[in-house]
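Before any comments, here is the structure.
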Amino acid sequence: MRIVTGAVVESSSAVRNLDSGEDRAAEAGTWSLIRRLARHARLASFDARRVQWVRFKPDGDLVPVGAGEPRGGDWAWRPDCGWLTSNTHRDPSVQALLDLYLPLCGPEPEGIRVVGHLGQSLDGFIATGCGDSFYVTGPENIRHLHRMRALSDAILVGTETAACDDPRLTTRLIAGENPVRVILDRRRRLPPGLRVFTDGAAETLLCCDRSLVGSGEERQGQARVLGIPCRAGRL
Numbered sequence: 002m003r004i005v006t007g008a009v010v011e012s013s014s015a016v017r018n019l020d021s022g023e024d025r026a027a028e029a030g031t032w033s034l035i036r037r038l039a040r041h042a043r044l045a046s047f048d049a050r051r052v053q054w055v056r057f058k059p060d061g062d063l064v065p066v067g068a069g070e071p072r073g074g075d076w077a078w079r080p081d082c083g084w085l086t087s088n089t090h091r092d093p094s095v096q097a098l099l100d101l102y103l104p105l106c107g108p109e110p111e112g113i114r115v116v117g118h119l120g121q122s123l124d125g126f127i128a129t130g131c132g133d134s135f136y137v138t139g140p141e142n143i144r145h146l147h148r149m150r151a152l153s154d155a156i157l158v159g160t161e162t163a164a165c166d167d168p169r170l171t172t173r174l175i176a177g178e179n180p181v182r183v184i185l186d187r188r189r190r191l192p193p194g195l196r197v198f199t200d201g202a203a204e205t206l207l208c209c210d211r212s213l214v215g216s217g218e219e220r221q222g223q224a225r226v227l228g229i230p231c232r233a234g235r236l
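Mind the numbering: the sequence shown is residues 2 to 236 in this note's numbering, read in order.
Structure representation (structure tokens):
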């Protein structure tokens, strides 16, 4: 398992405000390409241990490029460095998006990749004095966070985040599927009215001490309750 933690540092061109229709179209097209590469790399037939080439069809689907076929403008997967292309991107914002998200678009040969996302103010705080964390970063970072969710299989938060923020943990600001929502609540004290338990937007798992899961108590709203063994007061 490889665990990546800490703040994600982005170039301003990758998360800038989009001022024109051309900018928005370029961003949408690049994001669509990134999502397709990520989906292709997670197919059961994808062998991450060998070099392989793929080509975009006119309808946007990806197909493998066979031996002897022309490869100009196609994408290659290399086990040592991930996705590469022979195309040269003149738009720095396009290249910035690729540089930022392509590392998340491949399988994890060693098992699981865990990415920690931290929103922090310039003076080093992750919340305001009254505990509000929503306004610490800004709209560009929120869109970035939603993109990271779309490239992940699951998103995990703890009890305090769920209780204080009542987050939805979805990809509503960008194109992409919602990840599975995993809520850690050892003592099973979260109220059932939270949005993650009621909105039905994504599969949701509530993980708690298994001694708190009785017969017929395997659901909390629309979430599935998973009883986890505890040791020294920890899941």
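The beta-carbon is built from N, C-alpha and C at its ideal position, and this holds for glycine as well.
Run the CB neighbour count on residue i, radius 10 Å, all protein chains shown included, and call it buried at 16 or more, exposed below.
i, result
"M2", "Confidence in M2 is poor, its pLDDT being 34 and thus under 50, which makes the residue's placement unreliable; the coordinate value appears in the next sentence. So M2 counts as exposed."
"A8", "At A8 the pLDDT is 35, less than 50, meaning the model places this residue with poor confidence and gives no usable figure here."
"G130", "exposed"
"S13", "A caution first: S13 carries a pLDDT of 44, below 50, which makes its placement in the model too unreliable to give a value."
"V5", "Because V5 sits at a pLDDT of 40, beneath the cut-off of 50, its placement in the model cannot be relied upon, and the following sentence gives the value as read from the coordinates. Exposed, since its Cβ has fewer than 16 Cβ neighbours within 10 Å."
"S94", "buried"
"E239", "Residue 239 falls outside the range modelled here, since the chain spans only 2 to 236, and no answer is possible."
"V183", "buried"
"I127", "exposed"
"G120", "buried"
"Y102", "buried"
"R225", "exposed"
"S87", "exposed"
"A203", "buried"
Just to confirm the assignment, what range does the beta strand (DSSP E) spanning residue i have?
i, result
"R79", "W76 to R79"
"T199", "Note, T199: premise wrong, no beta strand (DSSP E); alpha helix (DSSP H) at R196 to T199."
"T205", "T205 to D210"
"G228", "A224 to I229"
"F57", "Q53 to F57"
"P65", "L63 to P65"
"R182", "V181 to L185"
For the alpha helix (DSSP H) that contains residue i, what are its first and last residues?
i, result
"A143", "Per the sequence presented here, residue 143 reads as Ile, with Ala not at that position. Looking at the DSSP string, the run of the alpha helix (DSSP H) that includes I143 is P140 to A151."
"L103", "L103 -> no alpha helix (DSSP H), and no H or E assigned at all."
"C165", "T160 to D166"
Do residue j and residue i count as a contact pair if the criterion is CB distance below 7 Å?
i, j, result
"L185", "C208", "yes"
"G222", "P192", "no"
"W54", "V66", "yes"
"A97", "L85", "no"
"L152", "L105", "yes"
"R150", "P108", "no"
"L206", "L236", "no"
"R25", "G177", "no"
"H242", "L174", "Because the chain here runs from 2 to 236, residue 242 falls outside it and cannot be looked at."
Inset, instruction - Please confirm if the stretch 45-63 is in contact with the stretch 194-212, defined as three or more CB-CB distances below 8 Å between the two stretches. - result: The stretch 45-63 vs the stretch 194-212: no contact.
Inset, instruction - Please determine if the stretch 40-50 and the stretch 113-120 are in contact, where contact requires at least 3 C-beta pairs separated by less than 8 Å. - result: Judged by Cβ distances under 8 Å, the stretch 40-50 makes no contact with the stretch 113-120, as fewer than three pairs qualify.
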